[in-house]
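Student: The structure follows.
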Amino acid sequence: MRIAFITFGHVDVTLSLLKYISKEIDVDIYFMFAKNKKKESIINFENIDVETGFLNRKKINEILGIKIQEYINNNFGYYVFIYKNLNSKNFNNILLSYKLGNFLKKKKYDCIHFNGNDLQQLWISVFTPKIPKVHTIHDYTGHTGESNKWAEKFNKFLMFSKNQKIIHHHLIGKNRKGTLNIIYYGPLEIYKLWCKKRILEKDNTLLF
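Letter 120 of the sequence shown, counting from 1, is numbered 151 in this note's numbering, and no numbers are missing.
In structure tokens, the structure reads:
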């Protein structure tokens, strides 16, 4: 089986997951960013100029850095794809999703796994109609202060779709049997790469 794992954010979670999935199946990860969104968890390339679409290998390695590349260790393929902005209705973004869809079809994946709730995955799905889809929904409702009505509406839409869904809690699990799977988080071991010394309590205290 070949899987395309397309992640909109949640880079730290995804890397740990794919390290273990890749032991059993053939999987490639697609990191999705935009020219006005170049920072997420352990990746930050706000000081690097990029074009839209697929980045070349030299630029990808510059963005990921040595530690992340060593963690991946060629266990799975990885790509970085850049949209013009975060507007799902932007014609240039739709065209980019079309090009991505054609690329995915040529790779002959058996499944596309979407991670996150960016609306661009709707366009990607339209342009890859014959490839089965799985959706991981991290936050069915937004955290306090992070509410996004369109994201929450999209999550509700996904819950009623026939595609397989994955969530990390029992909030809505009782009424969606058949296509809903509850999988809890494990440790995000990717962060261990940056642990070079014991963190003293005084350096790890939040002050309010």
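In this text, a Cβ means the ideal position worked out from N, Cα and C, and glycines have one as well.
Would you mind giving the Cβ-Cβ distance between L135 and I94, rounded to the nearest angstrom? I have them listed as a contact below 8 Å.
Tutor: With a Cβ gap of about 21 Å, L135 and I94 do not count as contacting.
Student: Go ahead and label Q100 buried or exposed: buried means 16 or more other beta carbons lie within 10 angstroms of its beta carbon, across all protein chains shown.
Tutor: With fewer than 16 other Cβ atoms within 10 Å, it is exposed.
Student: Quick one: is M32 buried, meaning 16 or more other Cβ sit within 10 Å of its Cβ, or exposed?
Tutor: Under this definition M32 is an exposed residue.
Student: So, are the CB atoms of D57 and A35 less than 8 Å apart?
Tutor: No, the pair does not count as a contact, with Cβ atoms beyond the cut-off.
Student: Give me the DSSP bridge partner(s) of I60.
Tutor: In DSSP, I60 forms a bridge with F36 and Y109.
Student: Under 8 Å, do V81 and I103 count as touching if we go by C-beta distance?
Tutor: No. Outside cutoff.
Student: With C-beta atoms as the reference, is N121 less than 8 Å away from K115?
Tutor: Contact flag set, yes.
Student: Which residues in the same chain have their Cβ closer than 8 Å to the Cβ of D141, if we skip the five residues on either side of it in sequence?
Tutor: Excluding residues within five positions, the ones whose Cβ falls inside 8 Å are M32, R33, I34, I162 and P163.
Student: Would you mind giving the Cβ-Cβ distance between F76 and K69, rounded to the nearest angstrom? I have them listed as a contact below 8 Å.
Tutor: Indeed, because the Cβ distance is near 5 Å, the residues count as touching under 8 Å.
Student: Taking V111 as the reference, which of K66, N123, S119 and N78 has the closest Cα?
Tutor: The option with the nearest alpha carbon to V111 is K66.
Student: Are L117 and I155 closer than 8 Å when you measure CB to CB?
Tutor: Not closer than 8 Å, so no.
Student: I think I143 touches T167, with their Cβ atoms under 8 Å apart; what is that distance to the nearest whole Å?
Tutor: Incorrect: roughly 12 Å between the Cβ atoms, too far for contact.
Student: Can you tell me which of K137, K138, S128 and K139 puts its alpha carbon nearest to the alpha carbon of L150?
Tutor: Minimum Cα distance to L150 is reached at S128.
Student: DSSP on K68, reduced to helix/strand/coil?
Tutor: Reduced to three states, the DSSP call for K68 is strand.
Student: Excluding the 5 residues preceding and the 5 following F39 in the sequence, name in chain order all residues of the same chain whose CB lies nearer than 8 Å to its CB.
Tutor: Excluding sequence neighbours, F39 sits near M63, F145, N146, G147, N148, D149, Q151 and Q152.
Student: To which residues of the same chain is K54 closer than 8 Å at the C-beta, ignoring the five residues directly before and after it?
Tutor: Only N106 meet the Cβ criterion.
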